[in-house]
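**Q** Just so you know, we're using our numbering here: the sequence shown kicks off at 651 and counts up by one. The C-beta atom is built at its ideal place from N, Cα and C for all residues, glycine as well. Pasting a structure here, questions to come.
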Amino acid sequence: MGPALKFDWDDDKASSNVAKHGIGFEYAVRVFLDADRVDFDVSRSEDGEERRKTVGMIEQRLFAVVYTERPSSIRIISARRCNGKEQRRYGTFQA
């Protein structure tokens with residue numbers, strides 16, 4: 651087994667995410683346990699950093715988590731249930 655993943659996030663952003671999407675970051679990090687998760691670049695120039703989105707299963711439901719990689723951790727930016735496009739993208743890689 652590889653090294654344990656370490657996560658962090660902004661507490662205000664985490665609270666905002668729960669209010670907006672009903673998903674806590676503590677729960678959302680479990681998406682990284684899905685060996686079949688799909689990961690892709692979602693960077694925008696206005697963000698000023700490389701951002702990734704991972705789509706994966708938690709308890710038989712698909713979630714999308716946006717994050718950035720830091721030297722010693724993975725910083726969670728947002729988390730929510732997947733939309734139809736993300737579900738199809740995940741399904742494409744599961745065939």
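Can you tell me which of the three DSSP states Glu-719 falls into?
**A** Within the sequence shown, numbered from 1, the residue matching residue 719 stands at position 69. Three-state DSSP puts Glu-719 in a strand.
**Q** Can you tell me whether DSSP reads Lys-663 as helix, strand or coil?
**A** The residue given as residue 663 occupies position 13 in the sequence shown. Three-state DSSP puts Lys-663 in a helix.
**Q** Find the nearest neighbour of His-671 within the set Ala-729, Arg-739, Arg-711 and Ala-685, judged by alpha-carbon distance.
**A** Within the sequence shown, residue 671 is the residue found at index 21, counting from 1. Here the closest residue by C-alpha is Ala-729.
**Q** Report the rounded CA-to-CA distance for Ala-714 versus Val-668, giving the unit in angstroms.
**A** Within the sequence shown, residue 714 is the residue found at index 64, counting from 1. Within the sequence shown, residue 668 is the residue found at index 18, counting from 1. If you take the alpha carbons of Ala-714 and Val-668, they lie about 14 Å apart.
**Q** Determine the DSSP secondary structure at Asp-697, reduced to helix, strand or coil.
**A** In the sequence shown, counting from the first residue as 1, residue 697 sits at position 47. Correct three-state label for Asp-697: helix.
**Q** Express the C-alpha separation of Val-716 and Glu-699 in angstroms, rounding to a whole number.
**A** Counted from its first residue, the sequence shown places residue 699 at position 49. Counted from its first residue, the sequence shown places residue 716 at position 66. Whole-angstrom Cα-Cα distance: 12 Å.
**Q** Please confirm whether Val-681 has its beta-carbon closer than 8 Å to some beta-carbon of chain C.
**A** This model lacks chain C altogether, as it is built from one protein chain only.
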